[in-house]
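Here the protein sequences line up with chains A and B, keeping their order.
At position 9 of the first sequence the residue is numbered 9 (the working numbering), and the sequence of numbers has no breaks.
At position 2 of the second sequence the residue is numbered 1002 (the working numbering), and the sequence of numbers has no breaks.
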Amino acid sequence: MNLRKIIKLSDGFLLTPDLDTDIEINGGYGADLMSDVLAFSQPNSLLLTGLTNPQVVRTAQMAEFHAIIFVRGKQPQAETLLIANQEGIPLITSPFGMFELSGRLHKAGLPSFESNESN
Amino acid sequence: MAASTKQVCQVSNQMSPTRRPARIPTEQETHGRRGRSITDDDANAINRVEELSYDLKVHEVMTASLKIASPEMPLSQVLEILRVNRISGVPVVKDNELIGILSLEDIVHAMQKNELSAPVSAYMTRKLVTVASYDSIVSAIQKFSDSRLGRLPVVDENYKLVGMITKGDITRGILIALQKDYKEEEVRRYRASHLFEDIISDRTTLVLRYNIKAQDFTHGGNASSHIKRALLRLGADPQIARRCGIAVYEAEINLIIHTTHGGILKLEVESHRITMSTIDDGPGIPDIEQVLQAGYSTATEQVREMGFGAGMGLVNIKRCVDKMDIESTVGKGTKLTMRIHVPTENFTGRKEE
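Dropping the structure here:
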């Protein structure tokens, strides 16, 4: 699913306007625990999270996420934006909560990229 | 069709300026503006191609090797020049000065009157649209769309003809510039990936060291990010780089969370294996068996709020690497070693013999 479509579905606001949003996202993964993200996610997906600190971007980079959506309208810290722009990972904020947003995206056809077996 | 759609979109934009991008500008909003002053929203939406149209200068993309005509030349001779060089127009120059331009269309006019023997000066276009060599290509783009011409003569500051520019030149120039960023990374990767082939020894090891400060969450992950990039440049398989990245990131975060004075993160790359290690000087782990259990954690509430400290770090590391060792002495410090075996072709481009 194209990231632009995801932004639309999530009623999202793109926080990194300099980054390309014309990218393909293969699946989604939601968590607030970074170790879970690292252990159970698959590459090339979208991260839904309620955390906004710079580590989220680092974690996303290590686990090879293509974009991050902050749920419940959260705004990231300045440092988070800086690293995201550096590493080329688009950040989006959505007014929906984690459950609501996961449901909307899943219903629209974005598969779950949560794996039971860790990396 | 496309042009009329654009017009409609332009009008609606102008009529409802307050409704313009409350959120993400659509493609039409991004690309469909013309003749309006640029707002902050627009400025944010300027993408790399648009940036390039300002960065690139006309002389960087124009064609400098020129076919020219003189005003006295018969049209039939110019037609031959156009045919041989497969171009559709030439600038007309007299005494080193640009005085007109002759296009295929002008020649067609002459043909209709059966006057191919007439001189260039009789049929050339004297009203000249030129572009300066030191201008950004955006000004050439503007002139192309205003004049509907296919090629423009390029002049220097003394109005001397120095080249010609076509829309194709601009497209080519932008594409080449776009590829450059990508190529720079490719070149770095190429150089790095030959390290193990070009430097001959009985055993080559590349060692990278990073100093990690305790409690420095802001920069947490920077070292791991550098390590992962280094591995990819060295030619490591992306899957292996990902495993290394995740393991070393967890280890880096552990140094930040748990150590008294921070520690050292070390990466050693050999042609057959990658070794990552962290060394710190305290406080040390009293019971190693315990810290290896999933869910066991001594992290503070503050650390947990950041999404860490759930007692999964070492468990994750163990899953990612082929071999993990912890040595620790309370009051002295901890050494964590992580090792991943790599197929030899990762770093040498050759299959293991």
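C-beta atoms are modelled at their ideal positions from N, C-alpha and C, and glycine is treated no differently.
Distance between beta carbons of residue j and residue i, contact taken as under 8 Å
{"i": "Ala-1294 (chain B)", "j": "Met-1306 (chain B)", "result": "About 19 Å separates the two Cβ atoms, so there is no contact after all."}
{"i": "Leu-1052 (chain B)", "j": "Ile-1174 (chain B)", "result": "5 Å"}
{"i": "Leu-14 (chain A)", "j": "Ile-69 (chain A)", "result": "Between Ile-69 (chain A) and Leu-14 (chain A) the Cβ distance is about 10 Å, and since that is not below 8 Å, they are no contact."}
{"i": "Gly-30 (chain A)", "j": "Pro-111 (chain A)", "result": "Contact doesn't hold; Cβ gap of about 13 Å is too wide."}
Between the CA atoms of residue j and residue i - distance to the nearest angstrom
{"i": "Val-71 (chain A)", "j": "Ala-1214 (chain B)", "result": "30 Å"}
{"i": "Val-1207 (chain B)", "j": "Leu-1265 (chain B)", "result": "10 Å"}
{"i": "Lys-1160 (chain B)", "j": "Asp-1146 (chain B)", "result": "23 Å"}
{"i": "Leu-1082 (chain B)", "j": "Tyr-1123 (chain B)", "result": "15 Å"}
{"i": "Arg-1151 (chain B)", "j": "Gly-1168 (chain B)", "result": "9 Å"}
{"i": "Asp-124 (chain A)", "j": "Met-98 (chain A)", "result": "Any answer about residue 124 (chain A) is impossible in this case: the structure gives chain A only from 1 up to 119."}
{"i": "Asn-1254 (chain B)", "j": "Asn-1222 (chain B)", "result": "14 Å"}
{"i": "Ile-1285 (chain B)", "j": "Ala-1251 (chain B)", "result": "14 Å"}
{"i": "Pro-1071 (chain B)", "j": "Ser-1117 (chain B)", "result": "13 Å"}
{"i": "Val-1321 (chain B)", "j": "Ser-1297 (chain B)", "result": "21 Å"}
{"i": "Glu-1115 (chain B)", "j": "Ser-1136 (chain B)", "result": "40 Å"}
{"i": "Arg-1033 (chain B)", "j": "Gly-73 (chain A)", "result": "Unreliable positioning characterises Arg-1033 (chain B) in this predicted model, as indicated by a pLDDT of 41, which lies under 50. The coordinate reading is nonetheless provided below. Answer to the nearest angstrom: the Cα atoms are 30 Å apart."}
{"i": "Thr-1337 (chain B)", "j": "Met-1276 (chain B)", "result": "6 Å"}
{"i": "Val-1084 (chain B)", "j": "Lys-1067 (chain B)", "result": "11 Å"}
{"i": "Ile-25 (chain A)", "j": "His-66 (chain A)", "result": "7 Å"}
{"i": "Thr-1334 (chain B)", "j": "Phe-1347 (chain B)", "result": "30 Å"}
{"i": "Val-1315 (chain B)", "j": "Ile-1288 (chain B)", "result": "12 Å"}
{"i": "Glu-1097 (chain B)", "j": "Ile-1170 (chain B)", "result": "25 Å"}
7 Å Cβ cutoff, residue i in contact with chain B
{"i": "Pro-111 (chain A)", "result": "no"}
{"i": "Glu-79 (chain A)", "result": "yes"}
{"i": "Ala-39 (chain A)", "result": "yes"}
{"i": "Asn-53 (chain A)", "result": "yes"}
{"i": "Gln-42 (chain A)", "result": "no"}
{"i": "Leu-15 (chain A)", "result": "no"}
{"i": "Arg-58 (chain A)", "result": "yes"}
{"i": "Met-62 (chain A)", "result": "yes"}
Residues sharing a beta bridge with residue i, DSSP
{"i": "Glu-947 (chain B)", "result": "Beyond the ends of chain B as shown, which are 1001 and 1353, falls residue 947 (chain B); an answer cannot be given."}
{"i": "Asp-67 (chain A)", "result": "Going by the sequence as given, residue 67 (chain A) is Ala instead of Asp. Its beta-bridge partners are A:Leu-46."}
{"i": "Glu-1415 (chain B)", "result": "In this structure chain B extends from 1001 to 1353, so residue 1415 (chain B) is not present and cannot be described."}
{"i": "Ile-1212 (chain B)", "result": "B:Gly-1263"}
{"i": "Leu-1152 (chain B)", "result": "B:Ile-1165"}
{"i": "Ala-1069 (chain B)", "result": "B:Val-1092"}
{"i": "Glu-1097 (chain B)", "result": "B:Lys-1094"}
{"i": "Phe-13 (chain A)", "result": "A:Thr-93"}
{"i": "Val-1355 (chain B)", "result": "The first residue shown for chain B is 1001 and the last is 1353, placing residue 1355 (chain B) beyond what the model contains."}
{"i": "His-1258 (chain B)", "result": "According to DSSP, His-1258 (chain B) bridges with nothing at all."}
{"i": "Glu-1305 (chain B)", "result": "DSSP lists no partner for Glu-1305 (chain B)."}
{"i": "Thr-1125 (chain B)", "result": "B:Ile-1101"}
{"i": "Asp-1281 (chain B)", "result": "Answer is none; Asp-1281 (chain B) lacks a bridge partner."}
Residue-level contact to chain A via CB, residue i, 7 Å cutoff
{"i": "Gln-1028 (chain B)", "result": "With a pLDDT of 46 at Gln-1028 (chain B), under the threshold of 50, the modelled position of that residue is not reliable, and no figure is offered here."}
{"i": "Gln-1295 (chain B)", "result": "Just to set this straight, residue 1295 (chain B) is Gly in the shown sequence, not Gln. Taking Cβ atoms only, chain A never reaches closer than 7 Å to Gly-1295 (chain B), which makes this a no."}
{"i": "Thr-1278 (chain B)", "result": "no"}
{"i": "Ser-1065 (chain B)", "result": "no"}
Residue i beta carbon near the ligand FAD (any heavy atom closer than 6 Å)
{"i": "Gly-1282 (chain B)", "result": "Absence of the ligand FAD is noted for the structure shown, with no ligands found whatsoever."}
(request) Could you name the residues of the segment 1240-1259 of chain B whose beta carbon sits closer than 8 Å to any beta carbon of chain A, in the order they occur along the chain? (result) The segment 1240-1259 of chain B vs chain A, Cβ under 8 Å: Arg-1242, Arg-1243, Gly-1245, Ile-1246, Tyr-1249, Glu-1250, Ile-1253.
(message) So if I threshold CB-CB distances at 7 Å, which residues from the segment 1295-1322 of chain B count as touching chain A?
(response) Met-1306, Gly-1307, Phe-1308, Ala-1310, Met-1312, Gly-1313, Asn-1316, Arg-1319, Cys-1320
(request) May I ask you to list, following chain order, the residues of the segment 1211-1235 of chain B that have a beta carbon less than 9 Å from some beta carbon of chain A? (result) Phe-1217, Thr-1218, His-1219, Gly-1220, Gly-1221, Asn-1222, Ser-1224, Ser-1225, Lys-1228
(message) Please identify, using Cβ separations under 7 Å, the residues of the segment 21-34 of chain A that lie next to chain B, in order along the chain.
(response) Asp-32, Leu-33, Met-34
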